[in-house]
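Residue 92 in the UniProt record's numbering is what sits at position 92 of the sequence shown, and the numbering runs on without skipping anything. Yeah, the Cβ is synthetic: ideal placement off N, Cα and C, and Gly gets one too.
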Amino acid sequence: MFSHFAFGTSAPKAKVLDHNKPIYVNSGADTAESIGWLQSDTTSLPRAADSIHLWKNAFCDYFEQKEGDSMERTNDEQQLFREPVIDSLIAQKEKVTIMELYEPYMHHGCTAIIYEWCT
Numbered sequence: 001m002f003s004h005f006a007f008g009t010s011a012p013k014a015k016v017l018d019h020n021k022p023i024y025v026n027s028g029a030d031t032a033e034s035i036g037w038l039q040s041d042t043t044s045l046p047r048a049a050d051s052i053h054l055w056k057n058a059f060c061d062y063f064e065q066k067e068g069d070s071m072e073r074t075n076d077e078q079q080l081f082r083e084p085v086i087d088s089l090i091a092q093k094e095k096v097t098i099m100e101l102y103e104p105y106m107h108h109g110c111t112a113i114i115y116e117w118c119t
C-alpha cells in the first residue's frame, strides 16, 4: 500500500500472504478467530478466554512489559544523555524553539514576558 500511495503503483486487489512479499490483507477480512489458537504452553490457557487474549498473553510473556507510565517523568527527573553539555544544548534549542513560536507576538510588546519565561 505504501508504494501505491507514494509512487502511484497499482493497489493489491486480493490478500497477499506470501512471506517473501509485503503482506496485505483487506480491512475486516482477517479476524483473531481465523488466525487460530497459539501453539503455546498450557500455563497461558487459564488466563485467556479467547484467541486474541491468548496471543496478547504470549506477546507479553515474550516481550517484557514495564510497569507504570514512562511519560510521567519530567525532563528534570531524567538524564537524557551522559554528557551534561548535550543536555544544555537541548535545553538551549528548546528555548530557541519557544522564542520562534512566539515571534509573531514580539512586536506587540510581549518580548519581556517571553524572555523571562524562557530563562
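Taking 7 angstroms as the cut-off, decide whether the C-beta atoms of Val25 and Lys15 are in contact.
-> Numbered from its first residue, the sequence shown carries residue 25 at position 25. Numbered from its first residue, the sequence shown carries residue 15 at position 15. In this structure, Lys15 lies closer than 7 angstroms to Val25 by Cβ.
How many angstroms separate the CA atom of Thr31 from the CA atom of Ile23?
-> Locating residue 31 in the sequence shown gives position 31, where the first residue counts as 1. Locating residue 23 in the sequence shown gives position 23, where the first residue counts as 1. Answer to the nearest angstrom: the Cα atoms are 15 angstroms apart.
Out of curiosity, what's the CA-to-CA distance linking Ala58 and Asp18?
-> Looking up residue 58 in the sequence shown gives position 58. Looking up residue 18 in the sequence shown gives position 18. Distance between the alpha carbons of Ala58 and Asp18 is about 24 angstroms.
Just how far apart, CA to CA, sit Thr9 and Lys21?
-> Walking along the sequence shown from the start, residue 9 turns up at place 9. Walking along the sequence shown from the start, residue 21 turns up at place 21. Spanning the two alpha carbons is a distance of roughly 15 angstroms.
Beta-carbon contacts of His4 that lie in its chain and below 6 angstroms, excluding the five residues immediately before and after | Along the sequence shown, read from residue 1 onward, the residue named residue 4 stands at position 4. Excluding positions up to five away in sequence, the list reads Ala11.
So the alpha helix (DSSP H) Pro84 belongs to, where does it begin and stop?
-> Here residue 84 refers to the residue found at position 84 of the sequence shown. That run of the alpha helix (DSSP H) goes Pro84 to Leu101.
For the alpha helix (DSSP H) containing Ser3, list its first residue and its last residue.
-> Here residue 3 refers to the residue found at position 3 of the sequence shown. Residues Phe2 to Phe7.
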